[in-house]
Amino acid sequence: MAQDHSNGGLSLAELARDTGSELRGDPSYRVFAVAAIDQAGPRELSFVHDGRYRSFLAGSDAGAVILPPAMADLFGGNRLLNEDPYLAYARAVELLHPPPPARASIHPSAVIGDGVELGERVRIDAHAVIGNGCRLQDRVWIGPGCSLGDRCRLGEGTVLEAGVALGEGTRIGARCLLHSGAVIGADGFGFAARPDGSWHKIRQIGDVRIGDDVEVGANTCIDRAALGSTLIEQGVKLDNLIQIGHNCHIGADTIVAAHTAIAGTARIGRRCRIGGAVAIAGHLEVADDVTITGNSMVTHSLRQPGTYSSGITAEGNRSWRRNTARFHHLDELFRRVIRLERRLGKE
Amino acid sequence: MAQDHSNGGLSLAELARDTGSELRGDPSYRVFAVAAIDQAGPRELSFVHDGRYRSFLAGSDAGAVILPPAMADLFGGNRLLNEDPYLAYARAVELLHPPPPARASIHPSAVIGDGVELGERVRIDAHAVIGNGCRLQDRVWIGPGCSLGDRCRLGEGTVLEAGVALGEGTRIGARCLLHSGAVIGADGFGFAARPDGSWHKIRQIGDVRIGDDVEVGANTCIDRAALGSTLIEQGVKLDNLIQIGHNCHIGADTIVAAHTAIAGTARIGRRCRIGGAVAIAGHLEVADDVTITGNSMVTHSLRQPGTYSSGITAEGNRSWRRNTARFHHLDELFRRVIRLERRLGKE
Amino acid sequence: MAQDHSNGGLSLAELARDTGSELRGDPSYRVFAVAAIDQAGPRELSFVHDGRYRSFLAGSDAGAVILPPAMADLFGGNRLLNEDPYLAYARAVELLHPPPPARASIHPSAVIGDGVELGERVRIDAHAVIGNGCRLQDRVWIGPGCSLGDRCRLGEGTVLEAGVALGEGTRIGARCLLHSGAVIGADGFGFAARPDGSWHKIRQIGDVRIGDDVEVGANTCIDRAALGSTLIEQGVKLDNLIQIGHNCHIGADTIVAAHTAIAGTARIGRRCRIGGAVAIAGHLEVADDVTITGNSMVTHSLRQPGTYSSGITAEGNRSWRRNTARFHHLDELFRRVIRLERRLGKE
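Chains as they are written, first to last, in numbering that gives the first Met the number 0: chain G, 0 to 346; chain S, 0 to 346; chain A, 0 to 346.
Right, dumping it as structure tokens:
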């Protein structure tokens, strides 16, 4: 993005104070934007938080760099030392690139239902549709083309980007951010088999409740409960294209990467870190503080904190063909080895 | 969801009759809502259909419970005995929580093309766009912000939730339900390689045809055929975020869980049960009555009914690292075992 | 789709010339549509480009067939011989089924921001929202309900189907096609862990830049960069429901099938062919001309051209249960075989 240098910039003294960093360099030096370490110029602030980009430090033209103290000697210019450079960077971006202030306004093309309650400085963009009886607290921002079913409630400062759909009765806390195309509160997937093999839909009469400070990625789906509520606790971060089945319960501060699917009635603990493209079966429990690496398949409860994995990494097609064919005989191989061991007797 | 007790409720005599159950208890006792067995109160009806929740029965305050006859003795209160408690429950939810009656109306912000034919009691919500020559039969309901290309046809009582997009010429049967963000009739993915390595798009001039009583989940995509039709037969149930490639043919009453991808020109039989996050290659056939468990990878035709599986479940990260590294030498291991067997000679 | 025969059709002489094929048959014979080889009638053109459908040739009623020269003798009627029948077919479809001409128009319900620049013959459909300062070049077509953030730029002839969302500052080249529900420029997924286990959002201040002739499938997501740009080079073809993480760089003419997820800061080469349901980790490189087969898991850089694979195909559930259980002891099995080898000594 063309960096906007029209702001007045910030002095390194200000940045050190507001990011809780120790300054080594010129306190009055001003930077106007953040940039990656291999691209930053003299008017820009950069950061290095682990070894991956340290090789760029020596040749960097950055006006200042946020660094961990252990790497202080790798850069000759202005340094902001911080034990957690990534968190300090997160704060610096906000200071140097504040979001434009939201203008409170209701676009004339928006359709507002009966009995809707709007807080202060609410913004509703073009072609949004707000169902009857919705309550939007202060500074809620509804993007263009969003659709809220009847009786939704959104907490202070929550933002829906373009084209988000909320089913009726959805409740979302404060300061949440839902990206475009997210669908909250579509029917859970519940059918009873009829004797003739066809399916009888189970009406899904529950709802979705989302806590404060939750982020929901683009085109992610969170289904309404069959009965009761699908629960997303505060601080949960969901990436794009994720499926959360009906009656799931996701614990606070759990983070889930893109393309992961969690089937119905799974109960995921707090502070879990779930990689991308993971598949988690329904009706199971994952304990607090569990990490699941990308592409894993979880079919049983994981009751102890720790890191869990599955999946086999790609190899050359020719060797893969041989190995994968062998997999289908793996049990037989075990039996053959056991037989060999028996024939050889005790060691 | 806050249960709405404002309806008049139903007597157990009525519920027994309308769900085909045998009542053990007070025929004049009235319940007003359904609830989960661990949450139901005296004015609510619950159900237990398998062993998973039986432990809650003894302590339940439910006003009545639907049970299989074999579990009749596990609950002391009013019981509705049914050989298929889940199906009986499905019916009870409809009786106690009927959907609000749809009000026929065309919202003034909807844009209706030329030559559109509308049946009786059609509802078209705000900001929907109906292309030229579409035909919507009686009681069709088009949600807010939906977009129908030219010449789509929708059968009686079919409902599109908010933000569904139908490509031109899509045909959908009666009583279907398409959830928000579903995209039906986007181009199939077809390109011919040019000699220089770039791609020449194949115009996709086919369509999508969907039978009666089909459900399509949120953000699910069904592509139009290159030539001819992508076919979804009656009674198929598709969950969220599913991909159905061009020219697929899905047989009647097949059910597919979320995040499954079916590549182009696959032919799936009737009454199949396909789990979530399954990947099915194109140009193959799956027989009727096949079950594929979640996360499986299907690259060859499955010609016999039965249950098919693949995928390896998650384990502790440390042991996974060792096992997965070994997988890449699995063929070599077979060869080593064969060599050992040869050295030891005949048993 | 009901084929529209109202066009005047084309003579085989014209088709031979415009597809660069050698005609064997009647140059004045006219065909009016294309159709699959097992369905084509005397007024239709079909094609067979590999062995898969050759068996239909002998009995086909097609008015003419595009064939590779090696298969010329398998069909008795009019033939158009071409070394690349699929590419010739692609051209023939365009000739016989040209897309309807786009009518330039701005629908009165569209909302156009301040300072928007529109080229010649731009079309903007109902309920679309164009942010401030957007620039749309000649013949751009914005479908119904699309939303463009501020300062987006779209090149000549680019088409957005219904309900596409572009984040602010997105730049898209010429002749691109984005299908319904695609979300370009949602925030990348970046959070810094706070000491208490909660997450601090990293403001994503970069953008997405897409080259010429790119196709983006329905409900596919391409996230904006944290800093700088997520780059999709010219000629890239992305299928439906794909996730492209922030700061990815996808090389020219790479093609990716549905449901694949590419995590942040991955750099994919040119002319790669990536199957469906592939999961690619972030911060790695894939060389030019790499093929990755469907359902593979890529966690390390692939630095050499070639074909890479992983994934284990489905088998009967009973044998799968045995084999997958054994996998968790694979490392142990290797150790046991090594022990046996040691006991037997040198050969």
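Ideal Cβ placement from N, Cα and C applies to all residues, glycine included.
Given that residue i touches chain S, what residues does it touch there, using C-beta distances under 8 angstroms?
| i | result |
| --- | --- |
| N239 (chain A) | V182, A185, F188, C220, D222, Q242 |
Starting from residue i, find everything on chain S with Cβ-Cβ shorter than 7 angstroms and list it in chain order.
| i | result |
| --- | --- |
| S295 (chain G) | A313 |
| A260 (chain A) | By Cβ distance, chain S contributes nothing, its closest Cβ being about 11 angstroms from A260 (chain A), past 7 angstroms. |
| L339 (chain A) | L339 |
Helix, strand or coil, according to DSSP, for residue i in the structure here?
| i | result |
| --- | --- |
| N316 (chain A) | helix |
| E214 (chain A) | strand |
| S104 (chain G) | strand |
| L56 (chain S) | coil |
| L283 (chain S) | coil |
| F333 (chain A) | helix |
| E340 (chain G) | helix |
| E43 (chain S) | strand |
| H4 (chain G) | Legend: pLDDT at H4 (chain G) = 45, less than 50; position of this residue unreliable, value from coordinates given subsequently. Three-state DSSP puts H4 (chain G) in coil, outside helix and strand. |
| T298 (chain S) | coil |
| A262 (chain G) | coil |
| G184 (chain S) | strand |
| E167 (chain A) | coil |
Say whether chain S places a C-beta atom closer than 9 angstroms to the C-beta of residue i.
| i | result |
| --- | --- |
| M0 (chain G) | Because M0 (chain G) sits at a pLDDT of 34, beneath the cut-off of 50, its placement in the model cannot be relied upon, and the following sentence gives the value as read from the coordinates. It does not: the Cβ of M0 (chain G) has no partner Cβ on chain S nearer than 9 angstroms. |
| N316 (chain G) | no |
| T323 (chain A) | yes |
| L159 (chain G) | no |
| H328 (chain G) | yes |
| D83 (chain A) | yes |
| Q38 (chain A) | yes |
| V285 (chain A) | no |
| L56 (chain A) | no |
When the cut-off is 9 angstroms and only beta carbons count, does residue i lie next to chain G?
| i | result |
| --- | --- |
| S228 (chain S) | no |
| I141 (chain S) | no |
| L332 (chain S) | yes |
| V115 (chain A) | no |
| E214 (chain S) | yes |
| H106 (chain S) | yes |
| L86 (chain S) | yes |
Does chain A have any CB closer than 9 angstroms to the CB of residue i?
| i | result |
| --- | --- |
| K200 (chain S) | yes |
| D3 (chain S) | Residue placement at D3 (chain S) is flagged as unreliable, the pLDDT there being 47, under the threshold of 50; the coordinate-derived value follows with that caveat. It does not: the Cβ of D3 (chain S) has no partner Cβ on chain A nearer than 9 angstroms. |
| R134 (chain G) | no |
| A32 (chain S) | no |
For residue i, count neighbouring C-beta atoms within 10 Å of its own C-beta (all shown protein chains included) and say buried if the count is 16 or more, exposed if not.
| i | result |
| --- | --- |
| Q203 (chain S) | buried |
| H248 (chain A) | buried |
| S27 (chain A) | exposed |
| Q242 (chain G) | buried |
| Q2 (chain A) | Unreliable positioning characterises Q2 (chain A) in this predicted model, as indicated by a pLDDT of 44, which lies under 50. The coordinate reading is nonetheless provided below. That one is buried. |
| D72 (chain G) | exposed |
| I337 (chain A) | exposed |
| M0 (chain G) | Because M0 (chain G) carries a pLDDT of 34, less than 50, the predicted location of this residue cannot be relied on, and the following value inherits that uncertainty. Buried, because 16 or more other Cβ atoms sit within 10 Å of the Cβ of M0 (chain G). |
| K236 (chain G) | buried |
| D195 (chain S) | exposed |
| G75 (chain S) | exposed |
| D113 (chain A) | exposed |
Cβ closer than 9 angstroms: which chain S residues qualify as neighbours of residue i?
| i | result |
| --- | --- |
| K236 (chain A) | F188, F190, W198, K200 |
| L301 (chain A) | By Cβ distance, chain S contributes nothing, its closest Cβ being about 14 angstroms from L301 (chain A), past 9 angstroms. |
Which residues of chain G have a Cβ atom closer than 9 angstroms to the Cβ of residue i, listed in chain order?
| i | result |
| --- | --- |
| R270 (chain S) | G196, S197 |
| I291 (chain A) | A313 |
| H96 (chain S) | R202, I204 |
Counting only Cβ pairs nearer than 8 angstroms, list the residues of chain A close to residue i.
| i | result |
| --- | --- |
| H178 (chain G) | V182, A185, D186 |
Which bits of chain G does residue i rub up against, with CB to CB less than 8 angstroms?
| i | result |
| --- | --- |
| V110 (chain A) | H106, S108, A125, H126, P143 |
Give the interface partners of residue i over in chain A, defined as CB-CB distance under 9 angstroms, in chain order.
| i | result |
| --- | --- |
| T169 (chain S) | By Cβ distance, chain A contributes nothing, its closest Cβ being about 10 angstroms from T169 (chain S), past 9 angstroms. |
Can you find at least 3 beta carbon pairs, one from the region 119 to 139 of chain S and one from the region 58 to 67 of chain S, that sit closer than 8 angstroms?
no
Inspect the CB distances between the region 171 to 191 of chain A and the region 75 to 93 of chain G and report whether three or more fall short of 8 angstroms.
Result yes; three or more Cβ-Cβ pairs closer than 8 angstroms.
With three or more beta-carbon pairs closer than 8 angstroms as the criterion, would you say the region 197 to 212 of chain S touches the region 257 to 269 of chain A?
The count of Cβ pairs closer than 8 angstroms, one atom from the region 197 to 212 of chain S and one from the region 257 to 269 of chain A, stays below three, leaving the stretches out of contact.
Does the region 295 to 305 of chain A come close enough to the region 284 to 303 of chain S that 3 or more CB-CB pairs lie under 8 angstroms?
no
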